[in-house]
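In order, the protein sequences belong to chains E and B. Heads up: the first sequence begins at 1 in this note's numbering, then just goes up one per residue. Heads up: the second sequence begins at 1001 in this note's numbering, then just goes up one per residue.
There are 2 protein chains.
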Amino acid sequence: MYSVQNIIEQALAAGQKTLSEYHSKLILAEYGVPVAKEFLVKDYAEAQAAAKQIGYPVVLKVCASEAAHKTEQGLITLGITNAAQLKRAFTRLITKAQALGGGLLIQEMVHGARELVTGMTRDSQFGPCVMFGLGGIFTEALEDVSFRVAPLSEKDALQMCTEIRGHKILSGIRGLKPVNMEIISHCLQQLGQIGLDHPAVREIDINPLIVRDGCPLAVDALIVLDKPQPQLKESTAVTGGAGLEKFFQPNSVAVLGASQTPHKAGNDVIKNILANDFGGDLYFVNPKGGEIFGREVHPSIHDLPDGIDLAIIILPAAVTPQAIRECASKGIKAVVLAAGGFAEVDETGKKLQEETLKAIRDSGVRAIGPNTSGHISTPHNFTSSFFPLGKIPRGNISYIAQTGNFATHTMRYIMSGEHYGVSRVLGLGNKLDVEESEVLEYYAQDPETKAILIYLESFKRPRRFIKVARQVTRSKPVILLKGGATTEGAHAAAAHTAALASNDRIIDGALRQAGVVRAYKYSHLFLAAKALASMPLPKGNRVSLIAPSGAMLVCLADLCNQRLNINIPSLEEQTRQHLQDISAPYIRMRNPVDIWPSAVVYGVEYAYREGMEAVLNDNNIDAVVSILMLTDETGVPPLNFILELKERHPHKPIYITFTGEKKHMDAAKAYLEPKGVPTFNFIEEPFEVLDILVQCRYCMEES
Amino acid sequence: MYSVQNIIEQALAAGQKTLSEYHSKLILAEYGVPVAKEFLVKDYAEAQAAAKQIGYPVVLKVCASEAAHKTEQGLITLGITNAAQLKRAFTRLITKAQALGGGLLIQEMVHGARELVTGMTRDSQFGPCVMFGLGGIFTEALEDVSFRVAPLSEKDALQMCTEIRGHKILSGIRGLKPVNMEIISHCLQQLGQIGLDHPAVREIDINPLIVRDGCPLAVDALIVLDKPQPQLKESTAVTGGAGLEKFFQPNSVAVLGASQTPHKAGNDVIKNILANDFGGDLYFVNPKGGEIFGREVHPSIHDLPDGIDLAIIILPAAVTPQAIRECASKGIKAVVLAAGGFAEVDETGKKLQEETLKAIRDSGVRAIGPNTSGHISTPHNFTSSFFPLGKIPRGNISYIAQTGNFATHTMRYIMSGEHYGVSRVLGLGNKLDVEESEVLEYYAQDPETKAILIYLESFKRPRRFIKVARQVTRSKPVILLKGGATTEGAHAAAAHTAALASNDRIIDGALRQAGVVRAYKYSHLFLAAKALASMPLPKGNRVSLIAPSGAMLVCLADLCNQRLNINIPSLEEQTRQHLQDISAPYIRMRNPVDIWPSAVVYGVEYAYREGMEAVLNDNNIDAVVSILMLTDETGVPPLNFILELKERHPHKPIYITFTGEKKHMDAAKAYLEPKGVPTFNFIEEPFEVLDILVQCRYCMEES
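What follows is the structure in structure tokens.
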């Protein structure tokens, strides 16, 4: 790659911000990207010779490092069919070229009905990212593009092609040749490679990438340079979550800032720890001394034994750095920093945050926060949350949250409004030290964690996050809600790739690469959790729906077909026949299943039990959603048959939702959920959740 | 239009199924659609003369009634630049033309980066419909098209252009001239007009419609003919809902099939009528005679007085026709037909349905059903529902439903799970007589109906429905869930317009024309109703959001920005300053409003009251959504302040949702909703509902 490096260095030395089209394409060609045949010419004689060699019709273009937007600026003549036309075009353009300090480029005229765009841009978080999409005027009009973080695997490249809405133009529509996907995939991977190899290349734009006879050809290209930025030397080393045990499995805990006053954080945290039956040693520190809940309060940390596992520091922000150092001096290796008032607030807080970071680095302690509402570890009967929660139900769902909500009021909702438990919860706060990818890694190897739900507003070590997630999503579902998707939009830029590289599009691509499924509703962070807590992940997207109302069947089938990736397939004939046997003769049974005629004839319990059993036994079905109609007059059956069905069909998830009388719905929820059958208030919810879970399954299979 | 009629008649006489490109364009040109310059030529001399007149480059095409897919079949030569090339092309194509019984067409070569598609197709329900969208290969690849029912207003035409995803290509992007929208609009209106004028024109396809210098030009066109179908002579006469009073305001009612047996329909219907305190005369008929609930049962309808307003016929399907005739003979003008087992079941039922229809027609009675679960009219204390409902709460929401659910179990959910009342509800059943557009008209003039929610699976008189809806949506919101959107897909067809004319796309266009807002979730039929029942329709889409959690603010702002048409605008400076005054200094207040710092300093009640009042007073804000945090420890304030805010701000809707402890949420709902403040379980729901309500507002303003 000597020549590539040379071109870039010479351009930088000359103070160029962009490479000329010719030099841009030389680099692309060097990396194996097919480019249009072209020659740089100095005079008319050379132009004539080049045109002859290429064969008419040709294109003549000004080629200079500053010659962007050639069409709009009149720096190009298309469709030159003979020498006379070439002469005229040459005469017109050579002066313009000279004015721009460049030359003229003669190029073959490339025809093709399909114009694509591809490029590379350097994202501030994720580094080099590759784009692919519809080119020409559609680049701006439709913004139908997808992104991936470099390096791209072949799978990544092919996936990003099928992801665009207009992906059908890549196939052989309207008598066109199918696009050679091997070449496209290679181009995309190589664009990422250029970004990785050459830090001075800030952006690459190929627009259009015209498809001729099925082969993509770079017709125009632009490389934007920048002084090589110091490469983000983010460590992507995988540690297996080592170092977080002291947080999740502490044997001894000190509370600094323990308080006798009810409703103060330093009191609530102790209440929570006691309510959760923490079995380790517990020490309270407060200069006032005295007792809290009948236990001794030590006036100073120096009164504590050495080597306590974890300290919860509930002190004003200003004394946090000092407290960290004192903890370290007593051999404490892990601290939870509860105080707010750091960089999230003002300049003083920002300075304090720097001091806190220094204290962490100097002392070598591991820290959660600051500005965290704490963490939870139910298998260890422990929490550092200072929001009054009481005994937190144990379960297999773990959260990582860049918000305190999941250790505070949202946890309170989960505890009072739902019936599943959690394993680990960590509120990241300002994540000066412990950050999401490390916690994710800990959860990955944690036998107590079945599924991971994440709320994030930013990625601290994005590339490490992808690497870790790619691993964990092979065996555990990871669902992420990205907050603030719209605050950081794409910036105005000369290059299309950069202009279209919104934070959100890049995150879409990165998460897809990582096998992480995006949620778009906050509520889904507990509705999906509930569905995962007690039921298996569905094996696929084939759902059977049982309802007491034709209109509900119709609406939900529409929702699945039009808005969700859920399939309501035909049943096996023996299943269908069985449903027919238990129904009325006048209705032809099929999936979705109208169960009411059967309920009218055989009773509600029998009809639902037989109907659900039949579809659970069907090989075409991966999951079952059943809408129970519950009113006194139509009959409220005992629901233990659903528990028996769950028992007999442990590999297929069952979700229950309702119509009818609210009090019976609430009673059914209160009966079924603690026994492991998730229920949903509104009939659309189980399908929205299934749409997420099915994606989780596909991510596992893809990896 | 003599020549147009002539062309069509001659083609039909010759047995042609399609018009040649030349004749198709003659018709289009006659209607004022700009077409490419072209000549039909018989021999080479004519071709040469035509080419000279047009000016090179030209296109030579085979022109015959069967010459579709010209590119794929090699029936076209593009870019002919001189006489020699013309000669070669002519020689090659003339034989093919003769083989097809056609001639050759010489056409100007039209260049333009933007290819559009437009056309007309005859929908089995809605009649002539016009399509517009992206042309060329994108027609199939992106299916980015929109439809409207003819005749189109200019507004309809312009709206359908801005509706496509790629509408930006119509503006002046990338140095292109903006497309002349006056011409486009005229073309679309005229395509509809051709459909209305000429019943023999089944389809029109213009693809591509190339934009040259901002002007659209039909470059290829196809008209598909059919024997003129007998025009659907659907009456669109508007009756003001006259004729339905007997259903909604009966003074006397007879129940045929009245039953003493509990849980039988003939018993439940009477229970319902009595529970709702019906004030008119009530007669029971059953051959067994006796008493029901202490009232006399007449053995035969002939024992009743003449001229009873309404009969509810709860008898087996087989005797329904006879019962109708007997009712008519006793001067009864309106009947509700409860029995199922008609065309929805089998062939016998279908025959029975025909007999029933004949009985209705012969006797001149008005009928709801058959296969209806009845109707409700709370202002008249009346219902014909045979599903045990008890006293139905009166309110201002009216339903039209092609399902019995809204007079049965869904009404039961509304009565037990929500706190709003209904005015009129009508289950259409098999709608042999009374159908949706007539009911809509009745609701339109009904002072008891504030908002109309509809569930439909088919339109009985589609054009009348549009006409009526267009009128009523000027003053009342109409929200419609269309069931079965995906069952009737587009059919395979030679013409693009027909291939893309899915039932669902046409309904989208028709409802947009009618000002009816589509819902996509069944639950929205009661969530939107609840929001409309006690609050005004928002004046626009500018919402202020108040929450106790930054993460919730961020997620919901994302949801509004990315997925909904809801704007979270900046506040007026004085509002912002007021919020700042009641908050902590370290947080810069803005919309969305993080209220928790204020609650910590001033208490929950004060913070929410002042915060909500401030944004309600703000001129930039049309509606307020407030997320209450309710836990014992953070404080559960008395909520009467919200009622006071509602009182003081009657023109801006307030919606409440929650986080925290479930029992407090339930209590808050039970307190607020009966007093007219709608609440929502999950924080996303008020925004999904607002998205629908804002569309309702826009529909009012547009009309």
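Just so it is clear, CB atoms sit at the ideal spot from N, CA and C, and this is done for glycine as well. Quantities reported herein were computed from a predicted structural model and do not represent experimental measurements.
Assuming residue i and residue j form a contact by the criterion Cβ under 8 Å, report the distance between their Cβ atoms to the nearest whole angstrom.
i          : j          : result
Gly1427(B) : Ala1407(B) : 5 Å
Ile506(E)  : Phe126(E)  : 6 Å
Asp156(E)  : Gln513(E)  : 6 Å
Ala704(E)  : Val33(E)   : Here chain E comprises residues numbered 1 to 703, so residue 704(E) is not present and cannot be evaluated.
Ala265(E)  : Ile301(E)  : Contact doesn't hold; Cβ gap of about 18 Å is too wide.
Ala1623(B) : Leu1672(B) : At roughly 16 Å, the Cβ-Cβ gap does not stay under 8 Å, so Ala1623(B) and Leu1672(B) are not in contact.
Glu1128(B) : Gly1195(B) : Per the sequence shown, the amino acid found at residue 1128(B) is Pro instead of Glu. That pair is a contact at about 3 Å.
Pro538(E)  : Val694(E)  : 6 Å
Leu1511(B) : Leu1480(B) : 6 Å
Ile1223(B) : Leu1019(B) : 4 Å
Beta-carbon within less than 7 Å of residue i's beta-carbon, same chain only, minus the 5 sequence neighbours each way: which residues are those?
i          : result
Gly280(E)  : Pro250, Asn251, Ser252 and Val253
Met629(E)  : Pro548, Thr659 and Gly660
Gly290(E)  : Gln260 and Val297
Tyr602(E)  : Ile582
Gly341(E)  : Ala317 and Gly349
Gly1135(B) : Glu1115, Leu1116, Val1117, Asn1207, Pro1208 and Leu1209
Asp144(E)  : Gly133, Leu134, Phe138, Ile164, Arg165 and Gly166
Pro1057(B) : Gly1079, Ile1080, Thr1081 and Met1109
Glu42(E)   : Looking at the sequence itself, residue 42(E) is Lys, so the reference to Glu does not match. Around Lys42(E): Gly103.
By Cβ distance, which residues of its chain are closer than 6 Å to residue i, with the 5 residues on each side in sequence left out?
i          : result
Ile1308(B) : Ser1252, Ala1254 and Ile1332
Thr1575(B) : Ala1614 and Asp1618
Phe90(E)   : Tyr44 and Ala47
Ser384(E)  : Ile312, Val336, Gly374 and His375
Ala492(E)  : Caution applies to Ala492(E), whose pLDDT of 48 falls short of 50 and renders its modelled position unreliable; the value that the coordinates give is listed next. Closer than 6 Å at the Cβ level, and outside the excluded window around Ala492(E), lies no residue.
Ile414(E)  : Phe526
Ser1771(B) : There is no way to answer for residue 1771(B), as the model of chain B reaches only from 1001 to 1703.
Per DSSP, residue i is paired with what?
i          : result
Asn567(E)  : Arg542(E)
Lys1521(B) : In the DSSP output, where bridge partners are listed per residue, Lys1521(B) has none listed.
Arg114(E)  : Val211(E)
Met1131(B) : Gly1119(B) and Phe1147(B)
Pro1216(B) : Val1211(B)
Phe1039(B) : Ile1106(B)
Cys63(E)   : Gly103(E)
Ala221(E)  : Ile206(E)
Can you list, in chain order, the residues of its chain with a C-beta nearer than 8 Å to that of residue i? Leave out the 5 residues immediately preceding and following it.
i          : result
Thr631(E)  : Gly660, Glu661 and His664
Asp1508(B) : Ser1146, Phe1147 and Arg1518
Gln1016(B) : Ser1065 and Leu1225
His1578(B) : Glu1610 and Ala1614
Glu435(E)  : Leu428, Lys460 and Arg461
Ala13(E)   : none
His409(E)  : Phe387
Item to complete: Tell me the start and end of each unbroken alpha helix (DSSP H) in the region 1667-1697 of chain B that is at least 4 residues and wholly inside, in chain order.
Response: none
Item to complete: Evaluate contact between the region 398-405 of chain E and the region 343-358 of chain E, counting only Cβ atoms and requiring at least three cross-stretch pairs below 8 Å.
Response: no
Worksheet item: Curious, which full-length alpha helix (DSSP H) runs of at least 4 residues does the region 1228-1302 of chain B contain?
Response: 1245-1248 and 1265-1275
Practice prompt. Any chance you could list the beta strand (DSSP E) runs of at least 3 consecutive residues sitting entirely within the region 304-383 of chain E, in chain order?
Written response: 310-313, 334-337, 366-368 and 375-377
Practice prompt. Could you name each continuous alpha helix (DSSP H) segment of 4 residues or more that falls completely within the region 1572-1652 of chain B, going from the start of the chain to the end?
Written response: 1573-1581, 1596-1602, 1604-1616 and 1640-1648
Worksheet item: Residue ranges of each beta strand (DSSP E) run of no fewer than 3 residues wholly in the region 1377-1429 of chain B, ordered along the chain?
Response: 1394-1401 and 1422-1427
Item to complete: Determine contact between the region 1094-1110 of chain B and the region 1026-1040 of chain B, defined as no fewer than three beta-carbon pairs at a distance below 8 Å.
Response: yes
Fill in: Inter-stretch contact (C-beta, 8 Å, three-pair minimum) for the region 639-647 of chain E and the region 668-684 of chain E
yes
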